[in-house]
Amino acid sequence: MSLYSRITGTGSCLPPRRLSNADLAAELAVSGVLTSDDWIVERTGIRARHFAAADVCSSDLGLEAARQALQAANLQAQDIDLIIVATSTPDMVFPSTACILQKKLGAHGGAAFDVQAVCSGFIYALTVADALIKTGTATKALVIGAEVFSRLLDFKDRTTCVLFGDGAGAVVLEASDTPGILASDLHADGKHVGILCVPGHVSGGKVLGEPLLKMDGKAVFKLAVGVLDEAARAVLAKAGKVATDIDWLVPHQANIRIMQSAAKKLKLSMDKVIVTVDQHGNTSAASIPLALDGAVRNGKIKPGELLMLEGVGGGFTWGAVLLNM
Ligand code: ACO
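Oh and the sequence shown: position 91 is 109 in my numbering, straight run, nothing missing.
Structural data, given as structure tokens:
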């Protein structure tokens with residue numbers, strides 16, 4: 019049994035259809051919904067998002083990200099004994115997107131399941147994988163965040179439809195004798211269910227309720243900044259580290275202003291924050307591994323550096339992971 023788990027490969031995938039703010043504004047204007055590049059950039063930092071084609075599912079985006087992560091880790095699909103997919107947009111009611119992805123990957127026999135913690139999903143999934151590796155239940159895991167959030171958007175609601183996009187990110191997490199993941203911190207408070215939700219479900223062959231995203235943006239903003247700071251401080255304390263030890267903060271890519279506030283509370287310069295929200299908007303559970311993979315591949319994040327990953331999302335859920343790359 020290994021004492022630690024460590025990220026040995028990363029990957030990501032954005033579907034090819036890219037809409038700039040101007041492209042989206044033009045599409046929305048056709049149905050009388052008015053927005054602008056200026057408004058979206060100023061309030062959110064988002065400049066573009068990617069939308070998957072109608073026949074593309076979360077497992078397809080996750081599959082591409084997983085393949086890249088396996089290649090980076092120098093592993094084959096069959097080496098993997100655990101797949102966890104964090105998603106709020108599963109391919110089917112069941113089986114899990116993780117099982118569907120396992121089949122597409124050509125792997126067999128390892129454990130596979132989904133985690134539903136909305137935009138905190140990747141932090142939850144990574145923490146679960148770390149725990150399963152530390153107990154000897156798994157040795158080589160794929161942890162994937164994959165979403166087709168465009169399917170949940172109400173394109174008549176300009177306060178939400180400009181914020182989200184589709185994509186996937188993945189990491190390979192392997193048992194290791196040297197420390198990778200140093201500490202995790204997970205929380206939820208179900209009393210905030212109503213401020214960010216998709217209030218619909220399937221029953222008797224019909225969709226009941228209204229399965230489109232609803233959000234109280236101001237309430238989400240206020241709550242997010244406070245809980246991210248609590249989680250960040252908790253993982254630092256658990257690992258015996260301080261904020262100045264952090265080489266890179268890799269936050270959930272929801273909104274540049276939430277990221278700026280989180281960095282400010284930790285007294286971290288924005289130079290130490292990985293920001294990709296401008297390129298793909300909020301991709302929910304996919305956003306942290308998308309940001310991580312981008313920064314690993316462009317050489318910003320280097321082996322041995324100390325990373326703080328932090329996420330917050332519907333539920334309300336939140337958490338953070340401190341790790342050595
Ligand atoms: N384009 C143009 N105008 C708009 C748009 C738009 N897309 N959306 C809203 N407006 C208008 C409003 O109608 C309002 O007009 P009014 O003053 O005439 O009434 C004005 O802009 C201001 O609207 P507010 O809702 O007050 O804007 P706010 O500054 O709060 O920004 C935002 C809204 C960006 C959603 C903000 O509340 C926010 O960042 N919240 C965090 C939510 C978030 O990031 N959620 C992501 C999911 S949760 C997660 O991942 C953690």
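Just so you know, even glycine gets a beta-carbon here, dropped at the ideal spot from N, CA and C.
Remember, it's a predicted structure, so these values are computed and weren't measured experimentally.
Contact set for Ala-257: own chain, Cβ-Cβ below 8 angstroms, skip 5 residues either direction
Excluding sequence positions up to five before and after Ala-257, its CB lies within less than 8 angstroms of the CB of Leu-200, Ala-201 and Leu-340, all in the same chain and listed in chain order.
On a CA-only basis, which of Val-74, Leu-226, Ala-66 and Ser-76 is nearest Cys-179? Give me that one, please.
It is Ala-66 whose Cα lies nearest to the Cα of Cys-179.
At what residues does the alpha helix (DSSP H) containing Val-295 begin and finish?
Element bounds for Val-295: 295-298.
Does the distance between the C-beta of Asn-300 and the nearest non-hydrogen atom of the ligand ACO fall short of 7 angstroms?
Asn-300 Cβ: within cutoff of the ligand ACO.
Nearest-angstrom Cα separation, counted from Asp-234 out to Gly-332:
Looking at the two C-alpha atoms, the distance is approximately 11 angstroms.
Where the beta strand (DSSP E) containing Met-326 begins and where it ends:
Where Met-326 is concerned, the enclosing beta strand (DSSP E) starts and stops at 324-331.
List the whole-angstrom C-beta distance separating Leu-205 from Ala-249, where the pair is believed to meet the contact cut-off of C-beta under 8 angstroms.
One detail in the question is off: residue 205 reads as His in this sequence, not Leu. Rounded, the Cβ-Cβ distance is 7 angstroms, consistent with contact.
Measuring alpha carbon to alpha carbon, tell me which of Ala-71, Trp-57 and Leu-79 ends up nearest Gly-29.
The option with the nearest alpha carbon to Gly-29 is Leu-79.
The alpha helix (DSSP H) that contains Arg-315, what's its start and end?
Run containing Arg-315: 305-315, per the alpha helix (DSSP H) assignment.
CA-CA distance, Met-288 and Thr-145?
For Met-288 and Thr-145, the distance between alpha carbons rounds to 26 angstroms.
Coarse secondary structure for Ala-67, derived from DSSP in three states
Correcting the residue type first, residue 67 is Arg in the shown sequence and not Ala. DSSP places Arg-67 in the strand class (E or B) of the three-state scheme.
Whole-angstrom distance between Pro-34 and Ile-64, CA atom to CA atom
For Ile-64 and Pro-34, the distance between alpha carbons rounds to 17 angstroms.
Taking the alpha-carbon of Arg-36 as reference, which of Val-59, Ala-71, Gly-27 and Gly-50 has the nearest alpha-carbon?
Among Val-59, Ala-71, Gly-27 and Gly-50, the Cα nearest to that of Arg-36 is on Ala-71.
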